[in-house]
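Chains as they are written, first to last, in UniProt numbering: chain A, 1 to 391; chain B, 1 to 391; chain C, 1 to 391. For every residue, glycine included, the Cβ atom is placed at its ideal position computed from N, Cα and C. Note that the structure is predicted; figures quoted are calculated from it, not measured.
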Amino acid sequence: MTVFEIVALILFAVFVQFDSVALPTSHAESFHGVSYAMFQDIHVMIFVGFGFLMTFLKKYSFSSVGFNLLLASFVIQWSTLTLGFCHSWSNFSHILIDTESLIAADICAAAILISFGAVLGKTSTLQLIVMAFFEVIFYSINETLCLQYLKISDMGGSIVIHAFGAYFGLAVAFVLYSRDAVGHANEGSSYQSDISAMIGTVFLWIFWPSFNAGLASGDQQQRAVFNTYFALAACTCTSFVVSSLLDREGRYRMVHIQNSTLAGGVAVGASANMLLPIWLSMLTGIIAGVVSVIGYDYISPFLAKKRIHDTCGVNNLHGMPALIASVLSAIIAATAHFSTAMQAAGIGVTLGISILSGLITGYIIKFSIFDDVDSQDFHLDSPHWEVTIKR
Amino acid sequence: MTVFEIVALILFAVFVQFDSVALPTSHAESFHGVSYAMFQDIHVMIFVGFGFLMTFLKKYSFSSVGFNLLLASFVIQWSTLTLGFCHSWSNFSHILIDTESLIAADICAAAILISFGAVLGKTSTLQLIVMAFFEVIFYSINETLCLQYLKISDMGGSIVIHAFGAYFGLAVAFVLYSRDAVGHANEGSSYQSDISAMIGTVFLWIFWPSFNAGLASGDQQQRAVFNTYFALAACTCTSFVVSSLLDREGRYRMVHIQNSTLAGGVAVGASANMLLPIWLSMLTGIIAGVVSVIGYDYISPFLAKKRIHDTCGVNNLHGMPALIASVLSAIIAATAHFSTAMQAAGIGVTLGISILSGLITGYIIKFSIFDDVDSQDFHLDSPHWEVTIKR
Amino acid sequence: MTVFEIVALILFAVFVQFDSVALPTSHAESFHGVSYAMFQDIHVMIFVGFGFLMTFLKKYSFSSVGFNLLLASFVIQWSTLTLGFCHSWSNFSHILIDTESLIAADICAAAILISFGAVLGKTSTLQLIVMAFFEVIFYSINETLCLQYLKISDMGGSIVIHAFGAYFGLAVAFVLYSRDAVGHANEGSSYQSDISAMIGTVFLWIFWPSFNAGLASGDQQQRAVFNTYFALAACTCTSFVVSSLLDREGRYRMVHIQNSTLAGGVAVGASANMLLPIWLSMLTGIIAGVVSVIGYDYISPFLAKKRIHDTCGVNNLHGMPALIASVLSAIIAATAHFSTAMQAAGIGVTLGISILSGLITGYIIKFSIFDDVDSQDFHLDSPHWEVTIKR
Numbered sequence: 001m002t003v004f005e006i007v008a009l010i011l012f013a014v015f016v017q018f019d020s021v022a023l024p025t026s027h028a029e030s031f032h033g034v035s036y037a038m039f040q041d042i043h044v045m046i047f048v049g050f051g052f053l054m055t056f057l058k059k060y061s062f063s064s065v066g067f068n069l070l071l072a073s074f075v076i077q078w079s080t081l082t083l084g085f086c087h088s089w090s091n092f093s094h095i096l097i098d099t100e101s102l103i104a105a106d107i108c109a110a111a112i113l114i115s116f117g118a119v120l121g122k123t124s125t126l127q128l129i130v131m132a133f134f135e136v137i138f139y140s141i142n143e144t145l146c147l148q149y150l151k152i153s154d155m156g157g158s159i160v161i162h163a164f165g166a167y168f169g170l171a172v173a174f175v176l177y178s179r180d181a182v183g184h185a186n187e188g189s190s191y192q193s194d195i196s197a198m199i200g201t202v203f204l205w206i207f208w209p210s211f212n213a214g215l216a217s218g219d220q221q222q223r224a225v226f227n228t229y230f231a232l233a234a235c236t237c238t239s240f241v242v243s244s245l246l247d248r249e250g251r252y253r254m255v256h257i258q259n260s261t262l263a264g265g266v267a268v269g270a271s272a273n274m275l276l277p278i279w280l281s282m283l284t285g286i287i288a289g290v291v292s293v294i295g296y297d298y299i300s301p302f303l304a305k306k307r308i309h310d311t312c313g314v315n316n317l318h319g320m321p322a323l324i325a326s327v328l329s330a331i332i333a334a335t336a337h338f339s340t341a342m343q344a345a346g347i348g349v350t351l352g353i354s355i356l357s358g359l360i361t362g363y364i365i366k367f368s369i370f371d372d373v374d375s376q377d378f379h380l381d382s383p384h385w386e387v388t389i390k391r
Numbered sequence: 001m002t003v004f005e006i007v008a009l010i011l012f013a014v015f016v017q018f019d020s021v022a023l024p025t026s027h028a029e030s031f032h033g034v035s036y037a038m039f040q041d042i043h044v045m046i047f048v049g050f051g052f053l054m055t056f057l058k059k060y061s062f063s064s065v066g067f068n069l070l071l072a073s074f075v076i077q078w079s080t081l082t083l084g085f086c087h088s089w090s091n092f093s094h095i096l097i098d099t100e101s102l103i104a105a106d107i108c109a110a111a112i113l114i115s116f117g118a119v120l121g122k123t124s125t126l127q128l129i130v131m132a133f134f135e136v137i138f139y140s141i142n143e144t145l146c147l148q149y150l151k152i153s154d155m156g157g158s159i160v161i162h163a164f165g166a167y168f169g170l171a172v173a174f175v176l177y178s179r180d181a182v183g184h185a186n187e188g189s190s191y192q193s194d195i196s197a198m199i200g201t202v203f204l205w206i207f208w209p210s211f212n213a214g215l216a217s218g219d220q221q222q223r224a225v226f227n228t229y230f231a232l233a234a235c236t237c238t239s240f241v242v243s244s245l246l247d248r249e250g251r252y253r254m255v256h257i258q259n260s261t262l263a264g265g266v267a268v269g270a271s272a273n274m275l276l277p278i279w280l281s282m283l284t285g286i287i288a289g290v291v292s293v294i295g296y297d298y299i300s301p302f303l304a305k306k307r308i309h310d311t312c313g314v315n316n317l318h319g320m321p322a323l324i325a326s327v328l329s330a331i332i333a334a335t336a337h338f339s340t341a342m343q344a345a346g347i348g349v350t351l352g353i354s355i356l357s358g359l360i361t362g363y364i365i366k367f368s369i370f371d372d373v374d375s376q377d378f379h380l381d382s383p384h385w386e387v388t389i390k391r
Numbered sequence: 001m002t003v004f005e006i007v008a009l010i011l012f013a014v015f016v017q018f019d020s021v022a023l024p025t026s027h028a029e030s031f032h033g034v035s036y037a038m039f040q041d042i043h044v045m046i047f048v049g050f051g052f053l054m055t056f057l058k059k060y061s062f063s064s065v066g067f068n069l070l071l072a073s074f075v076i077q078w079s080t081l082t083l084g085f086c087h088s089w090s091n092f093s094h095i096l097i098d099t100e101s102l103i104a105a106d107i108c109a110a111a112i113l114i115s116f117g118a119v120l121g122k123t124s125t126l127q128l129i130v131m132a133f134f135e136v137i138f139y140s141i142n143e144t145l146c147l148q149y150l151k152i153s154d155m156g157g158s159i160v161i162h163a164f165g166a167y168f169g170l171a172v173a174f175v176l177y178s179r180d181a182v183g184h185a186n187e188g189s190s191y192q193s194d195i196s197a198m199i200g201t202v203f204l205w206i207f208w209p210s211f212n213a214g215l216a217s218g219d220q221q222q223r224a225v226f227n228t229y230f231a232l233a234a235c236t237c238t239s240f241v242v243s244s245l246l247d248r249e250g251r252y253r254m255v256h257i258q259n260s261t262l263a264g265g266v267a268v269g270a271s272a273n274m275l276l277p278i279w280l281s282m283l284t285g286i287i288a289g290v291v292s293v294i295g296y297d298y299i300s301p302f303l304a305k306k307r308i309h310d311t312c313g314v315n316n317l318h319g320m321p322a323l324i325a326s327v328l329s330a331i332i333a334a335t336a337h338f339s340t341a342m343q344a345a346g347i348g349v350t351l352g353i354s355i356l357s358g359l360i361t362g363y364i365i366k367f368s369i370f371d372d373v374d375s376q377d378f379h380l381d382s383p384h385w386e387v388t389i390k391r
């Protein structure tokens, strides 16, 4: 960590500059349009949204919100460098900082935090930092490949953020698999931790339209907002219905409401800015809600048997909805000036890179020099934090 | 619910379109001015503000924040249709989606959530959805009547949102009255639930200026913000003073701080955009604070005796302050290009429609086919949720 | 309090007017640029950020978030008057209300809330209001002196807000010193209170760029945002590293993560808008993080021995980082069109006025007529609030 900060300092000193609009010569009139407001919305999602959503573990809340802050702070610095290099490697001179680069750094953090969700409670901070270090590199390569070379449509990042983050994380979780993780005594929520997790859920829900529209502009930005707004609303109603249908006594499960209600935002992300009619966004949200809720009750337990223990169920909130988004965007692409083939190639490349690099990264951080966590300490704050009062 | 989503899909498919500014032909420069930022402020109020404010019930927090999310998601879809029809029924062609329509849908949700507060803990989700289904229709009719035909001044919606929502909810509560609801064992807060309720209070407090100014423009929008800002500040100081005066030992009551501090925002809502001097906004805030605090200690218990059990005390936070707003706006109207008579007519019509339609709706949802809640299950999550740990 | 509201009403009635842009004659196009969005970001910091950050005390959470709301509401009214007078006393006619005056009132509240942090749990509300009454006057004088006469560079208010608030508060704490306050049984956090404190931390962290850039414009505003963003990220990583290094078992301490992660925002505040290269902002953040964490473990206990009991450790989060900011700004000033001498004079004047006026204010509120709190009631809600359930 200390080493990183020193290296980062030097790299920033050598390569990073303010974009011309942030220089006196620009006579710029502060920030352009809603870009700054949307950046702050996304900023809330990354640090409050993801951070509190993961506090659902009753004995791991310090780590959830604390490590989320640490990881995201690390990633926004590191990804500013890696994305800067990748986006202009052919004729590289300097990395320019502007609102867009801040948004790009924040949404890269989203991908890493999704992976964090898959291994939540089972790693040391050192393992997390090393994982993030490598994931950011592979993320930057894949994102550049998909958007600059394949030129796929993925405004909300369903493919390059959600699919990448989810399957990278699941690959790491697969490598780090420990039988003791399944049905672990500490893995569970308390009444209070379920409430604080809802803080995360609701802020993610509220600002998701900004997430899908943050890097869009003009009429595309507006459609991205409107489509996401209605997709989430339809997805939420559906999640409640399906959650209650799956319970013998017709009750709701908090894990569904905390997560599946958001799946609609992922599912429309790749095409929300296109001429996607609102009813189709809603239909997509409905499908995502159904798939996500079923995922928590049936697919996650199944994966756990297959040595993939997914603590937050990122496959249900990010993975599968991202696959839905890929299919939808491939269909819509035909109607727009995008190619269905390229959309297919994009998700293919993303799955390949994320899973492969996730496996490699998993084997690297498995080395005990990165002080891996003993399974009896899983989902427990006390090994990492001075816990004032044991509860 | 499932049925609704299917019907909604068809209606959206047939009638809903993007506004021209959200189409490629518009060459629109993304969002105009602060409209999007204010929409997101209001969005936070609806989902975080109302949702967490109602978590004060110690054994009903899952339902408070969860059903708030469900109801609001349902309402923003349904009201987009009903408001769209009502606003242009004479020459109806299509419903256009733009930032204003999103704000309109969100503030309609506010009215329904106010009614939810009156019956909090005493209904099933099915009853809530049916209640919301009818309330949205009557809300749309009343809102169109007041704003388009009577042309009343009500920028912050004190009359069409707060008065309507409060008295509709109280009417439903009157019909659903059960003696057991009064002084119910589960009706009460815990130290933690009072803290999480404050999350709601503070976010409502912070963004209220955006709520009262969201649909205004130009200099009116600025005055709406400034007047609301100072009205809330004065109301808050007053609420603390009166709360302490009403306690034998001079202590404060959380219920006053959680609710009455917001009454000033309601009371200036109907005229905040007019040439209302700031000192008058503050005076209005002070009066609202006094009335609201006294309401919690004296009027709510009195109403409970009269078969009106108001769980959240919406009469104190929304009802009576809205009446103050009506009086103030009627006075100010004379000085502006509005008619005192019309303001009076507006509040009259609103009270009539809200109470009448509330009574009807109450009798409808009372039918056991909407699985009403047994009084011993009042204010309890466990009948509706898989509660991991009983507390 | 009642008296204040009446006097305030009269003063507002006589002196306060809407700025011309908020009048019909202006034909203003609502709010200019991002000013309103940034105001709301700062508004969240004051009421949610400061309010919840101080809820870390397990038995004083009602008071922390409640008194924060009361104090800030009082201050934004009172400082609107005092700042209005000071800023134009030479040729005073009226106080004009616009977005900038709202931001100025909010950031004055920040200074008072910092002082509140130093005496948290050891005063009555009456003492707090009297303290705030005097502090706002001295704050306005010092701020006017530094910015209008010495013309120092202090865009983020590191000197006039953070240094002033911290040392005023420490001076008051020194006067109110009671041996019983040190190692008091009620002074401590619970698992839940540490989590709710993180709500405050993360919102302060997220919106700090808006705090440092709120009153800037053009390219300066952009640089203020970018520098603060990276300073906070570097500071956060550093705080985690140092926190773990200081613990025998390498664990993190919540108090460091809740506070020190924010020190970077203070340290760059005075020069974030200048041509400060990003790597230097990061270096500043790193230094601030180290100093702040060490401060909590070594300097605070030392000060407590010297009769200065600093409940929230405002010296570590605001005081020392503000001194770092002063040094940095004095250096940078030479490169910009600011004078190093003036920067030095600015911090000198600020320290002098804050400490002197703090001592005076301390002796005033020590009089028992302001019902001071008995030491056995320190850090306890029950003397001030009707606590539903004793915990």
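Report back the beta-carbon spacing between residue i and residue j to the nearest angstrom; my notes put them in contact at under 8 angstroms.
i                      : j                      : result
residue 194 of chain A : residue 386 of chain B : So it is not a contact: roughly 10 angstroms between Cβ atoms.
residue 135 of chain C : residue 168 of chain C : 6 angstroms
residue 235 of chain A : residue 166 of chain A : In fact, because the Cβ distance is near 17 angstroms, the residues do not count as touching under 8 angstroms.
Taking Cβ positions only, does residue i come closer than 9 angstroms to chain B?
i                      : result
residue 383 of chain C : yes
residue 301 of chain C : no
residue 23 of chain C  : yes
Taking only beta-carbon atoms, is residue i less than 9 angstroms away from chain C?
i                     : result
residue 60 of chain A : no
residue 38 of chain B : yes
residue 9 of chain B  : no
Evaluate residue i with the Cβ neighbour count: other Cβ atoms within 10 Å of its Cβ, from every protein chain shown; 16 or more gives buried, anything less gives exposed.
i                      : result
residue 179 of chain C : exposed
residue 59 of chain B  : buried
residue 162 of chain A : buried
residue 279 of chain A : buried
Note down the Cα distance separating residue i from residue j, rounded to an integer number of angstroms.
i                      : j                      : result
residue 381 of chain C : residue 370 of chain C : 18 angstroms
residue 327 of chain A : residue 77 of chain A  : 33 angstroms
residue 378 of chain A : residue 362 of chain A : 17 angstroms
residue 184 of chain C : residue 11 of chain C  : 43 angstroms
residue 341 of chain C : residue 325 of chain C : 15 angstroms
residue 127 of chain B : residue 244 of chain A : 15 angstroms
residue 260 of chain C : residue 353 of chain B : 55 angstroms
residue 360 of chain B : residue 112 of chain B : 16 angstroms
residue 283 of chain B : residue 256 of chain B : 19 angstroms
Looking at the C-beta of residue i, does it have a partner C-beta in chain A at a distance below 9 angstroms?
i                      : result
residue 117 of chain B : no
residue 98 of chain B  : yes
Stretch-stretch touch, CB-based, cutoff 8 angstroms, three pairs: the region 33–43 of chain A with the region 200–214 of chain A:
A contact is defined here as three or more CB-CB pairs under 8 angstroms, and the region 33–43 of chain A meets this definition with respect to the region 200–214 of chain A.
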